[in-house]
Every structure is written in C-alpha cells, then in structure tokens.
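Following: one structure in structure tokens, then a few remarks.
In the working numbering, the protein residues as written are 1054 to 1419.
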C-alpha cells in the first residue's frame, strides 16, 4: 500500500495541472444564441369555456288542424324563403263552404242595397235597414272565417331557413302538434356558455370570441357576445353568456360542442417569447443583447410580467419595444458574456428552420 502511494501522487500531480490548464483556457468563443425582438402588439386576456351551438331561429313545423296531406312542396334539407308553401292539406270542405258563404254574401248585399233605397224614400224603417246591414256584415265575417281555415290548410315557411327531414307523406292524416319537419335559420349561430362570476365586471355585449370545434380541426370561428344573462347561478357561481357567430358557408350546425375563448381587456402590450423568461424564485429575468466594443453582450435584466399565454408573455416593465433578447440558448449564457446571434426568431418559425439560417454577423442589436 505504501509503495503504491508515490505512484498515486505522481498521477494526481499530472491531473491537477491539466484541470487548471482547462479552466484557464475557458470557452472557445462567444455562445451562439437565437434572438427575438420585443414586440408591441394587440393583446387580450383570455377566458375559456365550453358552449353549445344553437340555430339563430328554429321551429318545428306542425299543423293547426286535423286533416290529410294532399301535396308536399319541399325536399329534405332544402333552403326555403319566408312564405314558401311547404305542405297542402285537404281543403275541399272549406272551399265548398266558401262558395256557399259567397252566395249568402251576394244575397245579403242585394237585400241591403234594396233596403237602403227604400229607406231613402221613407218606405222602410231605419230599424229594418240596420237589420239588413247586420246580416251583410255577418255574411262578410263568415267568408273571412272560412278563408282563415283555408289558409291553415296551407303550411308555409315562417322565415328563411334550411328544412330538416320530412316526416309525412301524401295521404297522411296529421293531427295538431304532429311534426312535419323542422326549419332552422343557420345564417348565424348562437353559442351559450358559462363564465365564472368573477369576470362579471368585465363582460359586456360586443366582446370578441373565438370558437373551435373538434370536427373542424384548427379552424377558428370568430363572433361576438350578444347577451349576458341577468342572473348568476347560485350553485356554480357562473353567468350564462350568449354569443353570435356568422355562418355564411353553413358549416356550423346546432348542437355542436364548441370550446370558446372570450377576449377581454384588449390592449397594446410588450410581448416576448415564453422561452426567453428566466425565473428565480418570485423574480423574472431575461438576457438583453447590447453592443459593446464590436461585440454582442448578453446583460441580465429584471422584468415584471403580466398575463401569460401559450407561446408569449406580457411584459409590464423592464423592457422597451425593439429590444433584442435571448430567446433560445439562455441555459449557456452568463451575465455580461459575449454571444453570437445565430438567428433572429420570427413569428411561427419552427426552431429547425431558425437553425438553418446563416449566423448574423455585424448586425446591431437595435
């Protein structure tokens, strides 16, 4: 054991000078980093919720009377205009009654005219003239009543919209309340969703929303808040909000589950990439790039942050618009160390594409 000690000391003597030499030698050059500019952009706080889509207007088409279907004037899924004829019910009895009522009206009119002529010659009492006039008005009312019954035999579209599936055939005896089809106004879609009551003070009609539906992938549907309910749910402490989304292409249907992002407190804010943030306890820092004697220096800067969203962070103080900061490579950077800007981050550019850029040389950090 003792004989081997000098050999051990000799090996250690060789090792320590080597380590000291490595420390003295230091890094081979400036640390390569990817920079990003501090941007001033429109920014909003986001409130997320789940909502259900509804048609702007929806009606179940039903008859008002019991009668047989004599004609069908629509197809499944057809777009119709307000007043278009959809279903005709048998009206033969009403038409016969109308003919009889019109004959009675003609007779009542003639009788009144004769009575009026006699009353002018004082050959007929005024009371008799009033009776003939009442009979005339009664005949006119009978015709209006029959015409109203005939109109109920023709079922028309109550508004512009898209029809659903046809539930009857020619010859079907329908009863009041039986479903013939449905009609939906899909020109715009309503979305009802619940928002925590803590946001009640910031909610107002006209606020922008963005909706997404799983069936349509990444497509975003933009709309605005129309109505805020007057009552707060005492159990969930939420308030129901109704928004409206334009649906010109008709892709949205009632009954879909939609994830809704409500945009509140819109403002202009300084934004940085979330990868640039360095946290130490409750404090936040970034590396700001500055020029010094022809070199690019990374200086640690304390900042105050606001709202965080996926990919970006709002900066309340500590930075100015146009400052360049280290977005990638912060782990290897030290305060006051020289760096090389490998690439400048642009919006939506993947990291792989940034690494393909040629290193930035001789470019000011401003």
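No residue lacks a Cβ here, since even glycine has one placed at the ideal position from N, Cα and C.
As the structure is a prediction and not an experimental result, all values here were calculated from the model.
Whole-number beta carbon distance between residue j and residue i, since they are thought to touch under 8 Å
i            : j            : result
residue 1377 : residue 1085 : In fact, because the Cβ distance is near 15 Å, the residues do not count as touching under 8 Å.
residue 1243 : residue 1297 : 6 Å
residue 1324 : residue 1365 : 5 Å
residue 1122 : residue 1251 : Contact doesn't hold; Cβ gap of about 55 Å is too wide.
residue 1249 : residue 1290 : 7 Å
residue 1203 : residue 1147 : 5 Å
Exposure of residue i, with buried meaning 16 or more beta-carbon neighbours within 10 Å
i            : result
residue 1300 : buried
residue 1144 : buried
residue 1030 : Since the displayed the chain opens at 1054 and closes at 1419, residue 1030 lies outside it and no answer follows.
residue 1399 : exposed
residue 1206 : buried
residue 1100 : buried
residue 1185 : buried
residue 1255 : exposed
residue 1351 : buried
residue 1237 : buried
residue 1369 : exposed
residue 1133 : buried
residue 1374 : exposed
residue 1104 : buried
residue 1363 : exposed
residue 1303 : exposed
residue 1335 : exposed
residue 1079 : Caution is warranted here: a pLDDT of 43 is assigned to residue 1079, below 50, making its placement in the model unreliable, and the coordinate value is therefore given only provisionally. Exposed, since its Cβ has fewer than 16 Cβ neighbours within 10 Å.
residue 1074 : Confidence at residue 1074 is low in this model, with a pLDDT of 35, below 50, so its placement is unreliable and no value can be given for it.
residue 1067 : Here residue 1067 scores only 35 on pLDDT, less than 50, and its place in the model should not be relied on; the value that follows carries that caveat. Counting Cβ neighbours within 10 Å, residue 1067 comes out exposed, since fewer than 16 surround it.
Reference residue i; option with closest CA among the options
i            : options                   : result
residue 1372 : 1357, 1211, 1385 and 1384 : 1357
residue 1310 : 1139, 1397 and 1270       : 1270
residue 1083 : 1398, 1387, 1370 and 1397 : 1387
residue 1492 : 1107, 1239, 1328 and 1273 : This structure gives no information on residue 1492, because the portion of the chain shown stretches from 1054 to 1419.
residue 1305 : 1341, 1287 and 1267       : 1267
residue 1384 : 1395, 1340 and 1362       : 1340
residue 1163 : 1253, 1188 and 1135       : 1188
residue 1282 : 1264, 1303, 1253 and 1302 : 1253
residue 1198 : 1165, 1171, 1159 and 1150 : 1150
residue 1158 : 1264, 1087 and 1194       : 1194
residue 1331 : 1382, 1345, 1389 and 1320 : 1382
residue 1320 : 1346, 1359, 1333 and 1220 : 1359
residue 1160 : 1178, 1190 and 1354       : 1190
residue 1353 : 1347, 1241, 1329 and 1208 : 1329
residue 1333 : 1355, 1346 and 1345       : 1355
residue 1129 : 1165, 1220, 1179 and 1208 : 1220
residue 1225 : 1116, 1241, 1180 and 1346 : 1116
residue 1126 : 1178, 1241, 1167 and 1208 : 1208
Beta-carbon proximity of residue i to residue j, cut-off 8 Å
i            : j            : result
residue 1293 : residue 1245 : yes
residue 1315 : residue 1232 : no
residue 1120 : residue 1142 : yes
residue 1114 : residue 1234 : yes
residue 1392 : residue 1343 : no
residue 1094 : residue 1322 : yes
residue 1098 : residue 1337 : no
residue 1137 : residue 1192 : no
residue 1200 : residue 1182 : no
residue 1111 : residue 1308 : no
residue 1367 : residue 1096 : yes
residue 1118 : residue 1287 : no
residue 1215 : residue 1124 : no
residue 1108 : residue 1218 : no
residue 1262 : residue 1285 : no
residue 1247 : residue 1153 : no
residue 1212 : residue 1135 : yes
residue 1087 : residue 1390 : no
| request: Enumerate, from N- to C-terminal direction, the unbroken alpha helix (DSSP H) stretches of 4 or more residues contained entirely within the segment 1167 to 1201. | output: none
| request: Run through the segment 1220 to 1295 for me and flag every whole alpha helix (DSSP H) of 4 or more residues, listed as ranges in chain order. | output: none
| What are the complete beta strand (DSSP E) segments, minimum 3 residues, inside the segment 1085 to 1171? | 1092 to 1114, 1120 to 1125 and 1138 to 1142
| Start-end ranges of the beta strand (DSSP E) lying completely within the segment 1283 to 1364, minimum 3 residues | As far as the segment 1283 to 1364 is concerned, its whole beta strand (DSSP E) runs of at least 3 residues are 1291 to 1299, 1310 to 1326, 1331 to 1333, 1336 to 1345 and 1348 to 1362.
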